[in-house]
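As structure tokens, the structure follows; a few thoughts come after it.
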Amino acid sequence: MKKFTKKSAAAALALGLSLSLFAGIPVLASTVEQNNVTSTTTGTRKNIKIKEVAIDLYEDDDDDWKNVEIEFTYDVRWDRDASVSVTDEEGTEYPAELVDWDDDDCDLYVEDLTDGHTYTFTIDGIRRTNTNTYGSVSFSIEVPAESNTISSDVSVAVKDEEYDWDDRELDIEFRRDVVFKSDAGITVTDSDGNTYTSRFIDKGDDECEVRVTGLEYGETYYYTISGIRNASGDTYGYASGSFRAIDD
Numbered sequence: 139m140k141k142f143t144k145k146s147a148a149a150a151l152a153l154g155l156s157l158s159l160f161a162g163i164p165v166l167a168s169t170v171e172q173n174n175v176t177s178t179t180t181g182t183r184k185n186i187k188i189k190e191v192a193i194d195l196y197e198d199d200d201d202d203w204k205n206v207e208i209e210f211t212y213d214v215r216w217d218r219d220a221s222v223s224v225t226d227e228e229g230t231e232y233p234a235e236l237v238d239w240d241d242d243d244c245d246l247y248v249e250d251l252t253d254g255h256t257y258t259f260t261i262d263g264i265r266r267t268n269t270n271t272y273g274s275v276s277f278s279i280e281v282p283a284e285s286n287t288i289s290s291d292v293s294v295a296v297k298d299e300e301y302d303w304d305d306r307e308l309d310i311e312f313r314r315d316v317v318f319k320s321d322a323g324i325t326v327t328d329s330d331g332n333t334y335t336s337r338f339i340d341k342g343d344d345e346c347e348v349r350v351t352g353l354e355y356g357e358t359y360y361y362t363i364s365g366i367r368n369a370s371g372d373t374y375g376y377a378s379g380s381f382r383a384i385d386d
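Residues 139 to 386 (my numbering) make up the sequence shown, in order.
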């Protein structure tokens, strides 16, 4: 499935979901790709089957918006006026639009969704190939609330660290895909327990970049990330390791 681009931006805080017809049990992961999603087709002869759906949460200034990517089991065709509508359990409609579409998937942009609620998506102006009439397909997503718990029993495995002395940047690569809490933090200390200024520059699916200043060349330092979990898990914990302040 395609990566999102700016309006469909690259990763920030990712949430899991569950998918079924007007109901579901949450499955937490950074990007859920659930197979054979239950859907309802109306107005066209052949059923439009959904193979996978992925949803990610992004925070952009004061806006809270989500990108949803849908992959279809069979090739589809789109009416020039194709559209999407999104409603919650009470029937309240939310701003939504088709951002990108082709013969086997599409990207949606949805605003103002709230974690912990179920939303019904209806795409109008779509049909299977080899049919003449456009119809609609509907399915539901439950967006679970983010857990606020950080457990000392959860440890995320680190694959590699690399420090760039010139840029004062630490690159950390994880063994598996991960998810960061929106308020994830990092601390960097030396062997005497002194703390150094550090902040995230970028957080990706399986790595992160951290700016660290005030280090002495050649010395060993220790870091701890709080508020991180494996993408396949549902509880946040910690990742830790050490590095030398040299150019690798």
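Cβ atoms here follow ideal geometry from the backbone N, Cα and C, with glycine treated the same way.
- Comparing alpha-carbon positions, the option among ASP245, LEU251, GLY356 and THR271 lying closest to ARG183 turns out to be THR271.
- For THR327, the secondary structure class from DSSP, reduced to helix, strand or coil, is strand.
- Taking the Cβ atoms as the reference, ILE366 lies roughly 19 Å from TYR359, outside the contact range of under 8 Å.
- Judged by DSSP in its simplified three-state form, LEU251 adopts coil rather than helix or strand.
- With a cutoff of 7 Å on beta-carbon distance, TYR301 and ALA377 are scored as not near each other.
- Listed in chain order, the beta strand (DSSP E) runs fully inside the stretch 315-374 are 316-327, 336-341, 345-350 and 358-368, counting runs of at least 3 residues.
- Under the three-state reduction of DSSP, LYS204 is assigned to strand.
- By the 16-neighbour rule on beta-carbons within 10 angstroms, ILE339 is exposed.
- With contacts defined as CB atoms closer than 7 Å, ASP321 and ALA369 fail to qualify as a contacting pair.
- Distance from the Cα of GLY323 is smallest, within the candidate group ASN205, ASP240 and CYS346, for CYS346.
- The alpha-carbon of SER290 is positioned some 28 Å away from that of GLY352.
- Between GLY181 and ASP217, the C-beta spacing is not below 7 Å.
- GLY379 and VAL175 have their alpha carbons spaced roughly 40 Å apart.
- Closest in alpha carbon position to ASP238, among GLY254, ILE208, GLY229 and LEU251, is ILE208.
- Membership of ARG215 in the beta strand (DSSP E) is indicated by the continuous run 214-225.
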